[in-house]
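Structure first, then comments.
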Amino acid sequence: MPQQHLDRLTAVDASFLAQEGSNSHMHIGAVILVEGQAPPFEEFIEHIQGRLHLVPRYRQKLAFPPGDSGRPLWVDDPTFNIAYHVRHTALPHPGSEEQLLQLASRIASQQLDRSKPLWEMWIIEGLEDNRFALINKTHHALVDGVSGVDLATVLFDLEKNPPKPGTAVEPWTPHPEPSAAELVAAGLRDAARGVFGLASRALRYAQRPDKALEEVREAVEGVSELAWAGLNPAPPTPLNVEIGPHRRLAVTREQLEDFKTVKNAFGGTVNDVVLTTVSGALRSWLHARGIRTEGLELRALVPVSIRSSSEQGALGNRIAVMRGPLPVYIKDPVARLRFVKQAMDGLKESKQAVGAEVLAGVQQMAPPTILAQASRVNFSTRLFNLIVTNVPGPQFPLYVLGHKMVGLYPIAFLPTNHSLAVAIMSYDGEVNFGLLADYDAMPDVEEITQGISDSLAELVRLANKKGATPERKPPKVDAKKVVKKKAANAKAPKAGKKTSKKKSPEISAATPVAPAKPKAAKPRPVPTTSPVAEDGTHAPSLGLPSSGTPRIATGPAAEMRAARRARRTRSK
């Protein structure tokens, strides 16, 4: 659907506005590294100006109906000035990535001006290794993570020297600012359109009652599952504290091939491996802070796109959220991965996403005051400990004004009382992590980025070890031949040797006899219990299995013992 003047925000878009406060900024963005010297600033502005017609929303601002009579609307900004939104600065020598991240942290700490279109783009010169950087900042009400990836086509090209457009872009002429009466009328018109949509759906359901019953059943199941998830609150952790307006940004870059190596060795998806590495990093970080993790399972808010293929490239939010587990109590990395895979498979098969979409549809009809209250519930610390969002990016290089993009670190947002958000985005064979943290509550956020690298390295080591160890099969043994050979050896004495009996020395009563040494008894193996069963299941309360669950012994020695037992069984 094209972006038009006087479009009303969806309920999800408006919820991000309602949730925003002085300490909770609802913008997202990215730090982008580009090779080569930065282009002239005027050329960069002209490049963006020539492509803004592809995204009209970037020249629109918010308009609020009088008396909170409806959700805000998007209207053309007659005073739009691209020089306000595109900004130019440089790093002091030597222009390290640490200095770049400090600058990005300060930019992320400042709210966007709601009286203007809700975006900024910074071009930063002076980065070491002959590079420059771009820092993008866009309000979440304007764009969701998946749609934002599509918007990269506005600035970036697939070729270093793309063909120039054949037709000139027509000058943009904004609509005049609407009056209060026009805002109310536009809101009523949009509400009537929503009622008409509900009536059309009801008519379709009347024509197909079997389909209607199926969709209603799925909707009820989905809402019930969401309610049950809400009745099981997330545990209190140091991540859920009061936050301030200032931010820290830490990043790490890993190889997509490493995640695929682990996935291929132990099963699951790349996203399962990502959540497992984040769990491992948080486990190490909690231990470094002196916090025990026995029985502790964190909850991550995992956004899921419900955007259809026909809606790709459209602005606005088409997302639902699910609450995925982060089992920090599991020490073994492979067992942790199996648990995450099992849990995420269960979420995918559940109706949580359907329930979230149903609730979003109900919120479309809610007045702004009710919608604001609902948004606070959606971002409550009772439901989750942190945001973990993973967005698949392009697996091929992109270019801006002939310069190749060589790095991309995503930036999420921090809701109230959430001091950490982890954003992940893949690009051209790499998986890039961007950790946004509260400045005061998370001075040690870089320990988590290091933990992500260490956790992934351990999984890769185990995956390579599994792939390098060939599967040993027990040798085939002919039991009849073994029995015949043993019998023949027992009957026939060895040739050339005579048997002789040795006389035992006489022992009188007076001869002292040394006491016989007792044979050392072989220690009996004590079966140990694993904190996680082989299939990854656990007791939800303490993270322990049912009593008596033995840890299965494996390896060459166990295989040889099994082969001997098999031969003895066949010989009988």
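Position in the sequence shown (from 1) plus 189 gives the number in my numbering.
Heads up, the beta-carbon is just placed ideally off N, CA and C, and yes, glycines get one too.
Since the structure is predicted, the reported quantities are computational estimates derived from the model, not experimental observations.
Going by DSSP, what residues sit across from Met310 in a beta bridge? Val275, Asn325
Rounded to whole angstroms, what's the CA-CA distance from Gly484 to Tyr518? Just pull it up for me. 6 Å
Looking at C-alpha atoms only, which residue of Arg472, Ser468, Leu475, Ile480 is the closest neighbour of Gln489? According to the sequence shown, residue 489 is Ala rather than Gln. Residue Ser468 is the option with its Cα nearest to Ala489.
Just verifying my parser: in three-state terms, what is the DSSP assignment at His242? helix
Limits of the unbroken alpha helix (DSSP H) element including Ile296: 286-297
Quick check: the Cα distance between Ala219 and Leu292, rounded to an integer number of angstroms? 12 Å
Considering only C-alpha positions, which residue in the set Pro363, Met533, Leu645 is nearest to Val510? Met533
Closest by C-alpha distance to Leu624, when choosing among Glu486, Leu597, Gln300: Leu597
Cβ-based burial, His476 [other Cβ within 10 Å; buried from 16]: exposed
Write down the C-beta distance between Leu262 and Leu195 rounded to the nearest angstrom, noting that I regard them as a contact closer than 8 Å. 5 Å
Does the beta-carbon of Gly618 have 16 or more other beta-carbons within 10 angstroms, so that it is buried, or is it exposed? exposed
Spatial neighbours of Gln300 in its chain, beta-carbon cut-off 6 Å, leaving aside the 5 residues before and after: His214
Would the beta-carbon of Ala612 fall within 8 Å of that of Thr578? yes
Three-state class that DSSP yields for Thr441 in the structure shown: strand
What is the rounded straight-line gap between the Cα of His435 and the Cα of Pro283? 25 Å
Candidates Ala439, Asn421, Phe253, Asp265: closest to Gln288 by CA position: Ala439
Please report the distance separating the alpha-carbon of Tyr588 from that of Gly256. 47 Å
In angstroms with no decimal places, state the Cα-to-Cα distance between Phe585 and Val223. 14 Å
Short Cβ contact (8 Å threshold) for Ala607 with Leu323: What sits at residue 607 in the sequence shown is His, not Ala. Taking 8 Å as the Cβ cut-off, His607 and Leu323 do not qualify as a contacting pair.
Taking all protein chains shown into account, do 16 or more other C-beta atoms lie within 10 angstroms of the C-beta of Ile480, making it buried, or fewer, making it exposed? exposed
What residue range does the beta strand (DSSP E) around Trp361 cover? Here Trp361 belongs to no beta strand (DSSP E), and DSSP marks it neither H nor E.
The alpha helix (DSSP H) enclosing Phe205, as first and last residue numbers: 200-208
Euclidean distance between Cα positions of Asn319 and Ala524: 44 Å
Once the 5 residues before and after Lys349 are set aside, which same chain residues still bring their CB inside 6 Å of it? Tyr588, Gly591
Rounded to whole angstroms, what's the CA-CA distance from Gly535 to Val459? Just pull it up for me. 16 Å
Bridge-paired residues (DSSP) for Glu224: Arg320
Output yes or no for whether 8 Å exceeds the beta carbon distance between Ala454 and Arg571. no
DSSP three-state label for Gly513, please. strand
Contact defined as beta carbons within less than 8 Å: I believe Ala610 pairs with Leu575. What is the distance between those atoms, to the nearest angstrom? 6 Å
What residues match up with Met811 in a beta bridge as DSSP calls it? Any property of residue 811 remains undetermined from this structure, which presents the chain solely from 190 to 761.
Taking Cβ to Cβ, would you say Phe622 is nearer than 8 Å to His216? no
By how many angstroms is the C-alpha of Thr482 removed from the C-alpha of Pro398? 50 Å
On the CB-based measure, 16 or more other CB atoms within 10 Å of its CB, does Thr268 come out buried or exposed? exposed
For Ser285 versus Thr441, is the C-beta distance shorter than 8 Å? no
Taking the continuous alpha helix (DSSP H) assigned at Ser473, which residues delimit it? 459-477
On a CA-only basis, which of Val580, Phe528, Val451, Val201 is nearest Gly656? Give me that one, please. Val451
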